[in-house]
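J.: There's a structure below that I have some questions on.
In our numbering, the protein residues as written are 1134 to 1527.
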């Protein structure tokens, strides 16, 4: 076996975990999770990813790499007014929806029919607040923030995948060495904490449904595209169904949605891993091993993040989402015919609007679809009878 197989797997795992752990912490804080519940969240989701990745890679003999839903975590972090119990209830509903999607092919095709411009407009509206907050964090500690920002943009010129990880590690070391951190916590093994779910209409519509749509449109469909681009042609249903099952099983312990990976998968599916595509599936077990280690020490990692400066966490989360934000904006505005609908979706989602207890992501999607529907009616000249009636009356 080539050494490139475990190296690629470990690099993908470290980049995926370290580069977005700050977003998990932000999501947990948004729903009022305690440090113990946050540690359980990280542990549960890492265990789910380890098991499903190991099973799917071995079963399909393809490098099926899974990840937590970064856009989904950003959606949770941008939400307000939900408790941890409501979040767990939403995670359970999302897992059930993903299982149903895996079992019934028409659901996958229905999600695929959501215009990319509108879906990307919603995603951009969710992510933009993180970029803005990263900029707002600069005045809190400019001597720490500005060098890290400069390092991020220089490093990403050569290796975008590790730029966020370098900023996180470098920022943490700088904070420790300059006395911004009082002391490191004592290492401890992780434990799982059972959290009672609370099901509310507001959380199901405002959190579960947008989380499901974002996970499907931004993660699962992209993950399938990465596999196909590498020459693999898996059946989508079983892959989505398995990730949904483990999302459902991990939800009572605080674990949010898992899904097919895109960026991490790209690291594990290319010819640099192995010239023979039939051998690349072996990255799956090594990737799973890395996440098993993360699960064991998840409590210690969460404790370390708890003592780091809040401004550093906000900065890392914002920088980690810069590339997804740029990609979402480019897709949202690419189609001139859908540009207004995408802009409306973006504006409503970014506004943070809460109406009838339902959050902005849902209303942004609704607004975009309505505008797109009206644009389509105009293009089909379906308004002509109404125009004639109006002219007659006037």
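Backbone N, C-alpha and C fix where the C-beta goes; we use that ideal spot for every residue, glycine too.
#1: Where does residue 1394 fall in DSSP's three states?
#2: How do the region 1224-1231 and the region 1374-1386 stand: do at least 3 beta-carbon pairs fall below 8 Å, yes or no?
#3: Report the rounded CA-to-CA distance for residue 1223 versus residue 1158, giving the unit in angstroms.
#4: Pair every Cβ in the region 1191-1199 with every Cβ in the region 1393-1400, then say whether three or more of these pairs are closer than 8 Å.
#5: Quick one: using the 10 Å Cβ neighbour count with 16 as the cut-off for buried, is residue 1397 buried or exposed?
#6: Quick one: what's residue 1201 bridged to in DSSP?
#7: Compare the beta carbon distance of residue 1449 and residue 1297 with 8 Å and say whether it is the shorter of the two.
#8: Between which two residues does the alpha helix (DSSP H) holding residue 1443 run?
#9: From residue 1143 to residue 1420, what distance separates their C-alpha atoms?
#10: Take the Cβ of residue 1221 as the centre, count every other Cβ of all protein chains shown within 10 Å, and call the residue buried at 16 or more, exposed below.
#11: Taking the alpha helix (DSSP H) that residue 1275 belongs to, which residues open and close that run?
#12: If residue 1478 and residue 1255 are in contact, beta carbons under 8 Å, what's the gap, nearest whole angstrom?
#13: Could you pull out every unbroken alpha helix (DSSP H) segment of at least 4 residues lying fully inside the region 1198-1263, listed in chain order?
#14: Identify whether residue 1349 lies in helix, strand or coil by the three-state DSSP scheme.
#15: Can you name the start and end residues of the alpha helix (DSSP H) that residue 1192 belongs to?
#16: Indicate whether residue 1284 and residue 1455 have their beta-carbon atoms separated by less than 8 Å.
T.: Let's see:
#1: coil
#2: yes
#3: Computed Cα separation, rounded: 18 Å.
#4: yes
#5: buried
#6: The partner list for residue 1201 (beta bridge, DSSP) reads 1391.
#7: yes
#8: 1443-1453 is the span of the alpha helix (DSSP H), which, as asked, contains residue 1443.
#9: Between residue 1143 and residue 1420, the C-alpha separation is close to 6 Å.
#10: The residue in question, residue 1221, is buried, as its Cβ has 16 or more Cβ neighbours within 10 Å.
#11: 1275-1288
#12: Sure, about 5 Å apart at Cβ, within 8 Å.
#13: 1203-1211, 1217-1236, 1238-1245
#14: helix
#15: 1168-1193
#16: no
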